[in-house]
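All remarks here apply to the structure that follows.
Chains as they are written, first to last, in our numbering: chain A, 1344 to 1717; chain B, 0 to 293.
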């Protein structure tokens, strides 16, 4: 590299002649060198007559911009510019001030009340859009009942597989382990009264009534609810949903209803399966550490668990499935704008679904106790 | 000041003075069993607009991705500014990265940043010492230079139309005053007027800023209007490079079909008619740049 290239961008004030001084720029004025002199150049506040560029070895648009801004600020003339420099200065014209390029942002005093207000308004609007979404879903069900041929059997079966079959492994393992934990921890406490035989009651009733269905709902929310939101959301972004509408396919009928029905149908089956796996887990740990034989544990279950415990679980399961599916599909349909929204809405779908499931579970617990299924 | 001199001299680079800023030799790209490029050679001349054409699936984008180091080729060598990209260590790689700008097909703007912030990203990446004030000024004039209204600078990409997004992508590609500009189908999806404006803008910027442009396109009008030479990709390599008349003189069936098809003829005809106009156009180059200066 020659010495003229390695030297940095520099400037000095030439006060030789009479009248205001000239500003002489030397060296390369490029985006890679300007950062070191820009601040000092801005500090110059004396009156200038001319800006001399004849010592500038190389220039790009940033250099040209700096020179023309200086010239404008001091109402000075640019002299000694190379043809390239002149062309660049002419091309840039007078485009801008230095005000920020961020999206406009207000001060804290305005932002906080605004955020609160928007939060309230959005909540209200959210309730309305959710209601209208539910209305659309119900209307969609109505039209499918009237025109059964419009029901998407293929999509429905596909969703049954995605929601149900492919989650058997993870739900089975999870419930088996939960059965082990409940039986083992229960046994430790009950042994203090010499009542470890009641471990069977504890495990059987708890998994069938509560844990089987509840944990399954949480797992389905994480696995399938998030998938619903992300799939539908991405389809909204790529305008597939709009494309469907224009062809005359209702996205509610094609996308939402198969998913809701699959979740509603699969949840009781998965919940029952989870309860069974939980009981097997309990029987497994009981045969190892409590000396209750495996088959004895299973046959005792029939005697100590009332039938209505199963009913309680099976009544709750489809409701939970409905909530998970509606949260996923609703949030998916709300996606608009950019890809960030998909992630945001997916998170929301899962959090809302799990929260609603747990709230409803508390209501169910009180309700079933009141009607005597305690 | 002497302590500051070190970083300054380290990061300086001379403008490329050689004849061929991009030299591709013996390039081979395979995806599984499918060979996209087989012994592909291509030289891009300094200061030209090279149009790259080829049927769908002939690997135009793969070629571009290989040159800018996003796709490591199976064999062959690619020199950019006289330095090998294919053998480059990461550090070496970065040296060429601050000398080129890339416009991806969909614009590839960062969706969570405004247009102006998008333009600032490469500048901040390579030259962190530049002050906030100058950064904002640079972002604004680049946005205007790319033919966007100035108020687009604090808008998010999702608030812009497709054509405006392309221009914003161009503004980001030009952010660090590159010597080399890669454009991947810049006029695809634009209306004819928008495409024509974009072509003219590309030409004007190339002449004003002294750029070398690597332009992938399907648009015959673009080829006729602004490309100095055209490279034709077919049969897994570059079968011909040259001006359009030179290409027409070859007898490769694909080239003949491409340029002499109905669309090719139409573009040819309209070009002949506007050739006088384009001569005049070259004189007042930056006409559609900001005209607010009275």
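Note that beta-carbon positions come from the ideal geometry of N, C-alpha and C, so glycine has one too.
Boundaries cannot be given for residue 1380 (chain A), as no beta strand (DSSP E) includes it and DSSP labels it neither H nor E. Sequence-distant Cβ neighbours of residue 1578 (chain A) in its own chain, meaning closer than 6 Å and more than five residues away, are 1584. Close partners of residue 1682 (chain A) in chain B (Cβ separation under 7 Å): 110.
Within chain B, no C-beta atom comes less than 9 Å from the C-beta of residue 1461 (chain A); the nearest is roughly 18 Å away. Residue 1688 (chain A) is positioned such that its CB atom lies closer than 8 Å to that of residue 1572 (chain A). The residue among B:19, B:177 and B:54 with its C-alpha nearest the C-alpha of residue 96 (chain B) is B:177.
Burial state of residue 201 (chain B) is buried, judged by a 10 Å Cβ sphere holding 16 or more other Cβ atoms. Within the same chain, 117 and 118 come within 6 Å of residue 171 (chain B) by CB-CB distance, once the 5 residues on both sides are set aside. In the structure shown, the three-state DSSP call for residue 150 (chain B) is helix. Around the CB of residue 1610 (chain A), 16 or more other CB atoms lie within 10 Å, so the residue is classed as buried.
Identification of chain B residues near residue 1408 (chain A) by a Cβ-Cβ cut-off of 9 Å yields 133, 136, 137 and 140, ordered along the chain. Distance from the CA atom of residue 1618 (chain A) to the CA atom of residue 1547 (chain A), rounded to whole angstroms, is 8 Å. Residue 1660 (chain A) and residue 161 (chain B) have their C-alpha atoms roughly 47 Å apart. In this structure, residue 154 (chain B) lies away from residue 211 (chain B), with their beta-carbon atoms at least 8 Å apart. Its chain contains 1576, 1579, 1580, 1684, 1685 and 1688 as the residues whose beta carbon lies nearer than 7 Å to that of residue 1678 (chain A), once the 5 sequence neighbours on both sides are disregarded; these appear in chain order. The C-alpha of residue 39 (chain B) is placed about 58 Å away from the C-alpha of residue 1462 (chain A). The beta carbons of residue 27 (chain B) and residue 86 (chain B) sit no closer together than 8 Å.
Selection B:83, B:151, B:158 and B:142 evaluated against residue 68 (chain B) yields B:83 as nearest (Cα-Cα). At least 8 Å separates the CB of residue 1685 (chain A) from every CB of chain B. Listed in chain order, the non-local C-beta contacts of residue 107 (chain B) below 8 Å within the same chain comprise 168, local neighbours out to five positions each way being set aside. Measuring C-alpha to C-alpha distances from residue 1397 (chain A) to each of A:1650, A:1524, A:1426 and A:1473 identifies A:1426 as the nearest. Straight through space, the alpha carbons of residue 48 (chain B) and residue 34 (chain B) are spaced by roughly 28 Å.
For chain B, the residues of the stretch 1410–1435 of chain A that bring a beta carbon within less than 9 Å of one of its beta carbons are 1412, 1427, 1430, 1431, 1433, 1434 and 1435, in chain order. A distance below 8 Å separates the beta carbons of residue 1612 (chain A) and residue 1507 (chain A).
Shown here for residue 1530 (chain A): same chain residues with a beta carbon closer than 6 Å to its own, the five before and five after excluded, namely 1539, 1542 and 1633 in chain order.
Against chain A, a Cβ distance below 7 Å from residue 157 (chain B) picks out 1680 and 1681. A check of alpha carbon separations from residue 1393 (chain A) across A:1406, A:1400, A:1477 and A:1410 identifies A:1410 as the nearest. When Cβ-Cβ separations below 8 Å define contact, residue 1369 (chain A) makes no contact with chain B.
In its chain, beyond the 5 residues on either side, 186 have a beta carbon closer than 6 Å to the beta carbon of residue 194 (chain B). Under a 10 Å Cβ-count criterion, residue 248 (chain B) is classified as exposed, with fewer than 16 other Cβ atoms of the shown protein chains found around its own Cβ. Neighbourhood of residue 164 (chain B) in chain A, by CB distance below 7 Å: empty, with the nearest CB roughly 12 Å away. Not a single C-beta of chain B is nearer than 8 Å to the C-beta of residue 1584 (chain A).
Taking C-alpha positions only, residue 1628 (chain A) is separated from residue 1536 (chain A) by approximately 19 Å. Cα atoms of residue 53 (chain B) and residue 99 (chain B): separation of roughly 23 Å, rounded to the nearest angstrom. Taking C-alpha positions only, residue 1717 (chain A) is separated from residue 1711 (chain A) by approximately 7 Å. Taking 8 Å as the cut-off between beta carbons, the residues of the stretch 1370–1384 of chain A near chain B are 1371, 1373, 1374, 1375, 1376, 1377, 1378, 1379, 1381 and 1382, in sequence order.
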